Amino acid sequence: MPSPHPLGDYLRARRELLQPADVALPEGAGIRRVPGLRRSEVAAIAGISTEYYVKLEQGQEAHPTDQVLNSLSRALQLDATANSYLHALAHLPQKPIRPTSTPAVERTRWLIDSWPMTAAMILDRHFDIVATNPLMTALIAGYRTGRNSVAVLLLDADVRELHLDWNGLSMRSIALLRSRAGMYPDDARTQELIKQLMRESERFRELWHRYDIAGMTEGTHPIMHPAVGALSLQYAHLPLVGADDHSIFLYFAEPGTPTESALAALAIGR
Numbered sequence: 001m002p003s004p005h006p007l008g009d010y011l012r013a014r015r016e017l018l019q020p021a022d023v024a025l026p027e028g029a030g031i032r033r034v035p036g037l038r039r040s041e042v043a044a045i046a047g048i049s050t051e052y053y054v055k056l057e058q059g060q061e062a063h064p065t066d067q068v069l070n071s072l073s074r075a076l077q078l079d080a081t082a083n084s085y086l087h088a089l090a091h092l093p094q095k096p097i098r099p100t101s102t103p104a105v106e107r108t109r110w111l112i113d114s115w116p117m118t119a120a121m122i123l124d125r126h127f128d129i130v131a132t133n134p135l136m137t138a139l140i141a142g143y144r145t146g147r148n149s150v151a152v153l154l155l156d157a158d159v160r161e162l163h164l165d166w167n168g169l170s171m172r173s174i175a176l177l178r179s180r181a182g183m184y185p186d187d188a189r190t191q192e193l194i195k196q197l198m199r200e201s202e203r204f205r206e207l208w209h210r211y212d213i214a215g216m217t218e219g220t221h222p223i224m225h226p227a228v229g230a231l232s233l234q235y236a237h238l239p240l241v242g243a244d245d246h247s248i249f250l251y252f253a254e255p256g257t258p259t260e261s262a263l264a265a266l267a268i269g270r
């Protein structure tokens, strides 16, 4: 079930991940019966009263000022992405679910099909796969229309075997799902997916309650493909303008590299 107090849950989870040494507090400051910092310690660092902080964690206060949120972000050592998420949790009513623009998605489907050397797929707000192009299918067969990309990564043994940095990729993917789930706490599809992954994925159970947050990023994924061998793929995850909370995920190669030659071989042989 979705939490009735997403802001409080997030504050508590991040507080429990911090150790006294992380904020220059002595380790021996009394017996600690629970992990992480005490509520009073976070409140003191943030410059607010303990009573007010307790209300935030317990959901009795859900709309703190931006000044308070920024102070809490510094106290909890949140990065820019996590800080933005913290502010968004305090303003959830301002982000209603809007209908998807089908024409925008369809035009993007035509676009990715025209890219012979870029593997691409379109994802909806739940990371369900709306469309893939031929090169993505040749590169990672498990990414198929109708499947969920996070579930495939966590549950499909063949896909896991492809990714040489599966641990890092799975951590980022779960953090990205967490960031989306927090924005749509009452979304039925999101809750269905979370329940499935809690049942079926040990990695998901390990990381979900950390409340790690990630945004769309770009970088490099190393892959060992069964047909063309080692690949150092560039990736980008981009929002799709005109289709609310849809996105495009791309794999491509640096020009003149062995990975570019391997992608070309995949494109020809698919």
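Just so it is clear: in the sequence shown, position 21 is 21 by UniProt numbering, and no numbers are missing. Glycine is no exception: its CB is placed at the ideal position from the N, C-alpha and C atoms. Quantities reported herein were computed from a predicted structural model and do not represent experimental measurements.
Own chain partners of residue i with C-beta closer than 6 Å, once the 5 adjacent residues on each side are dropped
{"i": "HIS87", "result": "LEU69"}
{"i": "ALA75", "result": "VAL42, ILE45, ALA46"}
{"i": "ASP212", "result": "ALA175"}
{"i": "residue 275", "result": "The first residue shown for the chain is 1 and the last is 270, placing residue 275 beyond what the model contains."}
{"i": "ARG189", "result": "HIS126"}
{"i": "PRO116", "result": "ALA267"}
{"i": "ASN167", "result": "none"}
N-terminal and C-terminal residue of the alpha helix (DSSP H) that residue i is part of
{"i": "SER40", "result": "39 to 46"}
{"i": "PRO103", "result": "102 to 113"}
{"i": "PRO258", "result": "258 to 269"}
{"i": "HIS87", "result": "80 to 89"}
{"i": "GLU161", "result": "157 to 162"}
{"i": "ILE194", "result": "188 to 200"}
{"i": "LEU176", "result": "166 to 183"}
{"i": "ASN70", "result": "66 to 75"}
{"i": "GLY8", "result": "6 to 17"}
{"i": "GLN58", "result": "50 to 58"}
Residue i, enclosing beta strand (DSSP E) - first and last residue
{"i": "VAL130", "result": "129 to 132"}
{"i": "LEU233", "result": "229 to 239"}
{"i": "SER247", "result": "247 to 252"}
{"i": "PRO222", "result": "218 to 225"}
{"i": "ALA119", "result": "119 to 123"}
CA-to-CA distance, residue j to residue i, given in whole angstroms
{"i": "HIS126", "j": "VAL150", "result": "9 Å"}
{"i": "MET136", "j": "PHE249", "result": "10 Å"}
{"i": "THR118", "j": "SER232", "result": "13 Å"}
{"i": "LEU89", "j": "LEU7", "result": "6 Å"}
{"i": "ARG38", "j": "HIS237", "result": "37 Å"}
{"i": "ARG178", "j": "GLN60", "result": "23 Å"}
{"i": "ALA120", "j": "GLU192", "result": "26 Å"}
{"i": "ARG109", "j": "ARG14", "result": "39 Å"}
{"i": "GLU218", "j": "ALA62", "result": "33 Å"}
{"i": "GLN58", "j": "PRO103", "result": "43 Å"}
{"i": "GLY242", "j": "GLN19", "result": "43 Å"}
{"i": "ASN133", "j": "GLY146", "result": "14 Å"}
{"i": "GLN77", "j": "ASN83", "result": "9 Å"}
{"i": "GLN67", "j": "TYR85", "result": "15 Å"}
{"i": "TYR251", "j": "ALA181", "result": "25 Å"}
{"i": "ALA262", "j": "SER114", "result": "19 Å"}
{"i": "ARG210", "j": "ALA157", "result": "24 Å"}
{"i": "VAL54", "j": "ASP9", "result": "11 Å"}
CB contact flag (residue i, residue j, <8 Å)
{"i": "ASP165", "j": "ASN148", "result": "no"}
{"i": "VAL130", "j": "TYR143", "result": "no"}
{"i": "HIS163", "j": "ILE223", "result": "yes"}
{"i": "LEU266", "j": "HIS221", "result": "no"}
{"i": "LEU11", "j": "LEU92", "result": "no"}
{"i": "LEU123", "j": "HIS5", "result": "no"}
{"i": "GLY215", "j": "THR81", "result": "yes"}
{"i": "GLN234", "j": "ALA264", "result": "no"}
{"i": "GLU16", "j": "GLY36", "result": "yes"}
Any non-hydrogen atom of the ligand FAD within 7 Å of residue i CB
{"i": "MET198", "result": "The ligand FAD is absent from the structure shown, which contains no ligand whatsoever."}
Own chain partners of residue i with C-beta closer than 7 Å, once the 5 adjacent residues on each side are dropped
{"i": "PRO64", "result": "LEU56, ALA90"}
{"i": "ILE140", "result": "VAL159, LEU162"}
{"i": "residue 288", "result": "Examination of residue 288 is not possible in this model, given that the chain is present from 1 through 270 alone."}
{"i": "LEU155", "result": "GLU200, SER201"}
{"i": "PRO239", "result": "MET216, SER247"}
8 Å Cβ shell around residue i - same chain, five flanking residues per side excluded
{"i": "SER49", "result": "ALA43"}
{"i": "ASP79", "result": "none"}
{"i": "VAL34", "result": "GLU16"}
{"i": "VAL23", "result": "LEU37, GLU41, ILE45, ALA75, GLN77"}
is_contact[residue i, chain C] using C-beta, thresh 8 Å
{"i": "HIS246", "result": "The question asks about chain C, but that chain is absent: this structure has only one protein chain."}
*Cβ pair count under 8 Å reaching 3, the stretch 179 to 193 against the stretch 219 to 234*: Counting Cβ pairs under 8 Å, fewer than three are found: no touch.
_Is it the case that the stretch 188 to 202 contacts the stretch 248 to 262, given that we only count it when at least three CB pairs across the two stretches are under 8 Å?_
no
_At least three beta-carbon pairs within less than 8 Å, the stretch 159 to 177 to the stretch 203 to 216_ = yes
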